[in-house]
Amino acid sequence: MSNSLYYQPKREIDTHFIMPQCQSLNPQLCYSNISNETSKVVSPGQYNTLESSSGSSSYAQLSSTSSLTFASSGSLLDSSSYQPDQYCSPDYANNSPMSNSCITDDCGDLKCKLRELESVMLGPDTSDLIDGYCNMIESGSHVTPLEMDSWGKVIEIIARKDVKQVLAACARAVAENDELVAQWLMDELRQMVSVSGDPVQRLGAYMLEGLVARQASSGSSIYKALKSKEPASADLLSYLHILFEVCPYIKFGYMSANGAIAEAMKNERRVHIIDFQIGQGSQWVTLLQAFAARPGGAPHIRITGIDDSYSAYARGGGLNIVGQRLSRLAQAFKVPFEFHAVDISGCRVQLKDVGIRRGEALAVNFAFMLHHMPDESVSTENHRDRLLRMVKGLNPKVVTLVEQECNTNTAAFLPRFLETLDYYMAMFESMDVTLPRVHRDRINVEQHCLARDVVNLIACEGAERVERHELLGKWKSRFTMAGFKPYPLSVLVNSTIKTLLKNYCDSYRLEERDGALYLGWMNRDLVASCAWQCS
């Protein structure tokens, strides 16, 4: 999730801090006709990959259902309740009898049935694959009755065109280096997915791209190619703004963090805010307005903004652009203001870079940023924990954390794939409610704001995998070990966010538990927010 400004394509955007200049999108619209549409199944020639989609292409209530995958035993596993030891279930020992759901006990009958099903569903092009598998079955080499049962289930899910389960089966084949099955399922998926289809078809197109890249051991090059093919900066900025408007996730994160900072600084006369990923600076518009309206006058505000390359490209220049815009806005609000730019990435920040001054109350903001910092599983430097320890040494009054509630940091490939599928499925479904499927910028928003992250999660490993989310429970452990304790939530913040959500579909839900706020879609938590103070 990247920071964004108010939307006005290809024009100067100084006034966007105050009011959007484009025709606004109405988040209250729920396109009920979408849920009644027939899923679009496209031919292989119609399939659009990330690289082949044009940047200018045109393009109720949905349930975020759990995805299923195939265990080596042939049983189906629900990804929403995945536990690693389920793959080693004692119910499927080597001497287990053949499952009653096996296609047939006779290999000749099996071969005929497979050929018949393949002829109807897949055409003649897969005859060699069927020959290979049936010869293995007849010879008894490397195929158990349980694998035959699993093969039958694969045939069933392809017949149903169940994109989620075929994706899960393909991911398992990739994880087990079963190239024959993986390639066959990728070919099947190309006929099921589309960047202009329903949510699972659209997400499936990007996840398939990741699987192809991983299978070809080209994840890094594909990811770099996507970065090099980004649209013009003004267009990217407009896509980020559309995402900002149609879904409340980023707004929720900014509002909850700002509320904690405003509460902590309510009696301070000089305030210093360090934003470890300032992006376009849009988070601080409402906070400056709130400080301007404070009884007794606004405090002196100094913001230290730390950069990232993605945001620098989107805004078309360095942090001086953000500083100038915020300064003009603060002047309009009559708020004493300074801006300090730090033109380096977060993992390179040292104590000398943040410019601490005596007499200033300090707030530190980590909004959608820490998951990009490599931890102990990637580098011995462990920048994720190093930054927290450094910040603790600054003795801040409050530290805000906003992160995606997703578990992809140290997970092995298959459970990480399932988690990515489940998480982004909920996000794509939520976008479907507000942004109509025929909207001309839908493909651009999803491809340039979301798809690159999906491909990185699936196709890349090691230091090249920069999307490394953790659940809030893990973040709490890190903050506690660094010497922080929870900062109490503000009742006002909770009520303000509830008011915000009234402008969106009622399938969004806000929950407060264990000292944190969670924003979710249906039954899936998507973003978590909390605040911390020194112990």
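The working numbering puts the first residue of the sequence shown at 125, with every later residue one more than the last. The beta carbon of each residue, even a glycine, is placed where N, CA and C say it ideally should be. Predicted model only: the values in this text are computed from it and were never measured.
Can you tell me where the alpha helix (DSSP H) with residue i in it begins and where it stops?
i, result
"N618", "615–625"
"R314", "303–314"
"F492", "Counting along the chain, F492 falls outside any alpha helix (DSSP H), and DSSP gives it neither H nor E."
"D359", "357–370"
"Y330", "323–339"
"S714", "Residue 714 cannot be examined here, being either before or after the span of the chain that is shown, 125 to 659."
"I385", "373–388"
"L411", "408–416"
"R576", "576–583"
Rounded C-beta distance between residue i and residue j? I'm assuming under 8 Å.
i, j, result
"A655", "V515", "Not confirmed; about 13 Å, so no contact."
"A438", "S357", "6 Å"
"A386", "A414", "5 Å"
"G383", "L450", "Contact flag wrong, Cβ pair sits at about 19 Å."
"E635", "N618", "Contact doesn't hold; Cβ gap of about 10 Å is too wide."
"R508", "R648", "With 8 Å as the limit, R508 and R648 do not qualify as a contact, their Cβ atoms being about 24 Å apart."
"C471", "P498", "7 Å"
May I have the straight-line CA-CA distance separating residue i from residue j, to the nearest angstrom?
i, j, result
"L545", "M493", "21 Å"
"L574", "A417", "36 Å"
"Q401", "V290", "37 Å"
"H266", "Q407", "Caution is warranted here: a pLDDT of 42 is assigned to H266, below 50, making its placement in the model unreliable, and the coordinate value is therefore given only provisionally. Approximately 57 Å between the Cα atoms of the pair."
"A293", "V278", "7 Å"
"Y548", "G420", "46 Å"
"L475", "E588", "26 Å"
"K235", "S274", "The predicted model places K235 with a pLDDT of 47, which falls under 50 and marks its position as unreliable, so this point remains unresolved."
"F552", "G483", "46 Å"
"A606", "K600", "10 Å"
"D432", "R326", "28 Å"
"M331", "C629", "26 Å"
"Q657", "F608", "5 Å"
"S320", "R564", "10 Å"
"Q528", "A550", "12 Å"
"A640", "T524", "11 Å"
"A555", "G597", "What sits at residue 555 in the sequence shown is Met, not Ala. Taking the straight line joining both Cα atoms gives about 27 Å."
"A491", "Y373", "11 Å"
"A388", "A381", "11 Å"
"G479", "R561", "47 Å"
"S653", "S435", "22 Å"
Going by alpha carbons, who is nearest to residue i out of the options?
i, options, result
"P520", "E527, V578, A587, P610", "P610"
"G429", "F415, I445, P419, A422", "I445"
"L461", "N531, M605, R393, R482", "At residue 461 the sequence reads Phe, which differs from the Leu that was named. Residue R393 is the option with its Cα nearest to F461."
"K375", "Q657, L650, E543, C658", "L650"
"T286", "L304, P498, C629, Q315", "Here residue 286 turns out to be Asp, not Thr, going by the sequence shown. For D286, the nearest C-alpha among the options comes from Q315."
"L542", "I282, A295, A487, R284", "A295"
"P612", "L625, D638, L624, D302", "D638"
"R481", "F490, L518, L511", "L518"
"F368", "K288, A640, R566", "R566"
"A485", "P560, H563, V395, G447", "V395"
"E303", "S653, A329, A340", "A340"
"G440", "F457, G403, V473", "G403"
"V473", "A454, F463, R510", "R510"
"A456", "Y434, N489, A487, V409", "V409"
"N301", "A329, L335, R284", "L335"
"W308", "N506, I282, L443, N489", "I282"
"R576", "P355, V305, V478, G276", "P355"
"D399", "A487, R284, H365", "A487"
"T604", "S659, E505, W645, E570", "S659"
For a quick check, are the C-beta atoms of residue i and residue j less than 7 Å apart?
i, j, result
"A297", "A583", "no"
"N580", "Y363", "no"
"M310", "I621", "no"
"L412", "V459", "yes"
"E594", "N533", "yes"
"V578", "H496", "no"
"I427", "I468", "no"
"A299", "L512", "no"
"V526", "G377", "yes"
"L288", "V317", "Position check: residue 288 holds Lys in this sequence, whereas Leu was assumed. Contact: no."
"L559", "V370", "yes"
"L360", "H572", "yes"
"Y632", "L624", "no"
"G447", "F463", "yes"
Along the chain, where does the beta strand (DSSP E) containing residue i start, and where does it finish?
i, result
"H496", "Where H496 is concerned, there is no enclosing beta strand (DSSP E), given that its DSSP letter is neither H nor E."
"A292", "Premise fails: A292 lies in the alpha helix (DSSP H), 287–299, not in any beta strand (DSSP E)."
"F541", "No beta strand (DSSP E) contains F541, which is instead part of the alpha helix (DSSP H) from 537–558."
"V502", "That residue, V502, is in no beta strand (DSSP E); it is neither H nor E in DSSP."
"L643", "640–645"
"F461", "461–466"
"F608", "608–610"
"D565", "Taken as a continuous stretch (DSSP letters only), D565 belongs to no beta strand (DSSP E), as it is neither H nor E."
Is residue i close to chain C? Criterion is C-beta to C-beta, closer than 7 Å.
i, result
"G421", "Absent from the structure is chain C; it holds one protein chain and no more."
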